[in-house]
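A.B. asks: This structure is in structure tokens; I'll ask about it shortly.
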Amino acid sequence: MCDICDREIICIDGCPNKTEENAIYFCDECGMPIHRGDIFVKINSNRYCENRILCTDCVENLSREEIIETLGADSVIDLLEEYTDAVVSIC
């Protein structure tokens with residue numbers, strides 16, 4: 243239990259114990275520390291053979307092109323083919 247904010251696992255924002263030293267990850271885009279209980283995105287990119295960690299603010303600020311590149315696709319259609327059951331062409 244935190245001796246300052248009295249939380250069991252996750253210190254509240256602003257607690258002096260929620261420091262960079264006890265971060266579990268750092269955002270690869272902005273460098274913000276990510277602590278246990280924070281929401282973040284971990285992207286496993288097959289294209290670049292690396293994992294990327296992004297905080298929610300950085301994910302929200304990604305353009306469509308950056309999302310496509312980050313997920314290792316060449317186009318929106320590629321993403322749809324990978325993450326949906328079918329991409330259908332109706333003539």
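With the working numbering, the residue at position 56 of the sequence shown is 298, and numbering never jumps.
Just so it is clear, CB atoms sit at the ideal spot from N, CA and C, and this is done for glycine as well.
Since the model is a prediction, treat every value here as computed from it, not as a measurement.
Could you tell me the boundaries of the alpha helix (DSSP H) in which L321 lies?
C.D. replies: Per DSSP, L321 belongs to the alpha helix (DSSP H) from V318 to Y325.
A.B. asks: Between which two residues does the alpha helix (DSSP H) holding C300 run?
C.D. replies: Per DSSP, C300 belongs to the alpha helix (DSSP H) from T298 to E302.
A.B. asks: Going straight from the alpha carbon of V318 to that of E263, what length do you get?
C.D. replies: When rounded, the distance between both Cα atoms is 39 Å.
A.B. asks: Check the DSSP bridge columns for R342 and list the partner residues they point to.
C.D. replies: Given that the chain is displayed from residue 243 to residue 333, the structure contains no residue 342 and the question cannot be resolved.
A.B. asks: Could you give the distance in angstroms between the alpha-carbon of N334 and the alpha-carbon of C269?
C.D. replies: Because the chain spans 243 through 333 in this model, residue 334 falls outside it and cannot be assessed.
A.B. asks: Kindly indicate which residue of I285, D280, E323 and N303 has the alpha-carbon position closest to the one of C253.
C.D. replies: The shortest C-alpha separation from C253 is found at D280.
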